[in-house]
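Participant: Provided herewith is a single structure, encoded as structure tokens, for subsequent inquiry.
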Amino acid sequence: MQYLFDDFEDDTHRRTGSEALCADAVLLRGFASAEDKAVLDAVKRVVADAPFRRMTTPGGFRMSVAMTNCGPLGWVTDRRGYRYAAVDSDSGKPWPAMPQVLQSLAGRAAEAAGFADFVPDACLINRYEPGARMSLHQDKDEQDFGQPIVSVSLGLPAVFLFGGLRREDKALRVQLLHGDVVVWGGTARLRYHGIAPLKNGSHPLTDDCRINLTFRKAA
Ligand SMILES: O=C(O)CCC(=O)C(=O)O
Ligand SMILES: [Fe+2]
Numbered sequence: 011m012q013y014l015f016d017d018f019e020d021d022t023h024r025r026t027g028s029e030a031l032c033a034d035a036v037l038l039r040g041f042a043s044a045e046d047k048a049v050l051d052a053v054k055r056v057v058a059d060a061p062f063r064r065m066t067t068p069g070g071f072r073m074s075v076a077m078t079n080c081g082p083l084g085w086v087t088d089r090r091g092y093r094y095a096a097v098d099s100d101s102g103k104p105w106p107a108m109p110q111v112l113q114s115l116a117g118r119a120a121e122a123a124g125f126a127d128f129v130p131d132a133c134l135i136n137r138y139e140p141g142a143r144m145s146l147h148q149d150k151d152e153q154d155f156g157q158p159i160v161s162v163s164l165g166l167p168a169v170f171l172f173g174g175l176r177r178e179d180k181a182l183r184v185q186l187l188h189g190d191v192v193v194w195g196g197t198a199r200l201r202y203h204g205i206a207p208l209k210n211g212s213h214p215l216t217d218d219c220r221i222n223l224t225f226r227k228a229a
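Residues 11 to 229 in the working numbering are what the sequence shown spells out, letter by letter.
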């Protein structure tokens, strides 16, 4: 894996370039910046058909992150467990199709990170308001761990926790900014990760929230 610190002189200049977080995990700084408005417009269209909702964990807790999905499969959680479903139980309809601009962004990011031919069938859209968080977890509801995860950050910054293969492994804390994309696969595919509680703020394109798109090949 290459280390390309193009504009990575200090914290205020890290707009582009890529950083290896560990073997098989790459942070692509600003990879989605040039298409941010098109991506957020696509998210708006999805949300018009499948509004954000706060789901319940199998243990009965309401998640602080509001979620929706697009693509053939959507990640869901309720008292019955975590799983992928083709139908949005709120509407009784299939999830909205994955907009081409999203599918294309995910494929190009995966390629840039060294994972060729990534064709996601699920895009989970997470909306974090200040205080919302996602505790350390593994993405393991997919059938083939040979396929990477592509995670796009838009709007307010967040601290990404990137741990090891065991929950107790120490986690890196990485600041994710608008336009950043993280890709992990291969030997990193089952690393624990999460998001620290979002800080207050305001962003010109997303107001007071952070939008994350997590692309996966689920089936
Ligand atoms: O919001 C993020 O950056 C991470 C989201 C995530 O890990 C997930 O949805 O499984
Ligand atoms: Fe995750």
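Beta carbons: idealized from backbone N, C-alpha and C, even for Gly.
For Phe-170, tell me which candidate among Arg-143, Thr-26 and Gly-84 has the shortest Cα-Cα distance.
Facilitator: Residue numbering aside, residue 170 sits at position 160 when the sequence shown is read from its first letter. When only C-alpha atoms are compared, the closest one is Arg-143.
Participant: To the nearest angstrom, how far is the alpha carbon of Gly-208 from that of Asp-190?
Facilitator: Position 198 of the sequence shown holds residue 208. Position 180 of the sequence shown holds residue 190. Sequence inspection shows Leu at residue 208; the Gly mentioned does not correspond to that position. Going by the C-alpha atoms only, they are around 16 Å apart.
Participant: Using a Cβ-based criterion (distance less than 8 Å to any ligand heavy atom), does Asp-149 qualify as near ligand 2?
Facilitator: Here residue 149 corresponds to residue number 139 of the sequence shown, with the count starting at 1. Result yes, Cβ under 8 Å from ligand 2.
Participant: Using DSSP with H/G/I as helix, E/B as strand and the rest coil, what is Val-75?
Facilitator: Along the sequence shown, one-based indexing puts residue 75 at 65. Val-75: coil per DSSP, three-state reduction.
Participant: Extract the residue ranges of the alpha helix (DSSP H) inside the stretch 88-143, only unbroken runs of 4 or more that lie entirely within it.
Facilitator: Correct list: 110-122.
Participant: Measuring only the C-alpha atoms, how far is Leu-134 from Leu-223?
Facilitator: Stepping through the sequence shown from its first residue, residue 134 is reached at position 124. Stepping through the sequence shown from its first residue, residue 223 is reached at position 213. Approximately 6 Å, taken between the alpha carbons.
Participant: Could you have a look at Phe-225 and say whether DSSP puts it in helix, strand or coil?
Facilitator: Counting from one through the sequence shown, the residue named residue 225 turns up at place 215. Of the three classes helix, strand and coil, the one that applies to Phe-225 here is strand, per DSSP.
Participant: Using the Cα positions of Ala-35 and Ala-107, report the straight-line distance between them to the nearest angstrom.
Facilitator: Counting from one through the sequence shown, the residue named residue 35 turns up at place 25. Counting from one through the sequence shown, the residue named residue 107 turns up at place 97. Their backbone Cα atoms lie some 28 Å apart in a straight line.
Participant: Using only the heavy atoms of ligand 2, determine whether one of them is closer than 8 Å to the beta carbon of Thr-224.
Facilitator: Translated into the one-based positions of the sequence shown, residue 224 becomes position 214. Checking every heavy atom of ligand 2 against the Cβ of Thr-224, one is found closer than 8 Å.
Participant: With burial defined as no fewer than 16 other Cβ atoms inside 10 Å of the residue's Cβ, what is the status of Ser-99: buried or exposed?
Facilitator: For the purposes of this step, residue 99 is taken as the residue at position 89 of the sequence shown. So Ser-99 counts as exposed.
Participant: Is Val-49 closer than 9 Å to Leu-164 when the C-beta atoms are compared?
Facilitator: Translated into positions along the sequence shown, residue 164 becomes position 154. Translated into positions along the sequence shown, residue 49 becomes position 39. Contact flag set, yes.
Participant: Considering only residues of the same chain and omitting the five flanking positions on each side of Cys-32, which have a CB-CB separation below 7 Å?
Facilitator: Mapped onto the sequence shown, residue 32 falls at position 22. Same-chain partners within the cutoff: Ala-198.
Participant: Run through DSSP, which three-state label would Asp-2 get?
Facilitator: Within the shown structure, residues of the chain are numbered from 11 to 229, placing residue 2 beyond reach of any answer.
Participant: With a 10 Å radius around its C-beta and 16 neighbouring C-beta atoms as the bar for buried, classify Lys-180 as buried or exposed.
Facilitator: The sequence position of residue 180 within the sequence shown is 170, counting from 1. Burial call: exposed.
Participant: Would you say the beta carbon of Ala-168 comes nearer than 8 Å to a heavy atom of ligand 1?
Facilitator: Taking the sequence shown and counting its residues from 1, the one referred to as residue 168 is at position 158. Under cutoff, so the answer is yes.
Participant: Go through its chain and collect everything with a Cβ distance to Gly-211's Cβ below 6 Å, but skip five positions before and after it.
Facilitator: One-based indexing of the sequence shown puts residue 211 at position 201. Correct list, in chain order: Leu-166.
Participant: From which residue to which residue does the beta strand (DSSP E) around Leu-38 run?
Facilitator: The residue you call residue 38 lines up with position 28 of the sequence shown. Here the beta strand (DSSP E) through Leu-38 covers 35-38.
Participant: Taking the alpha-carbon positions, what's the Tyr-94 to Phe-41 distance?
Facilitator: On the sequence shown, residue 94 is found 84 positions in, with the first residue counted as 1. On the sequence shown, residue 41 is found 31 positions in, with the first residue counted as 1. Spanning the two alpha carbons is a distance of roughly 27 Å.
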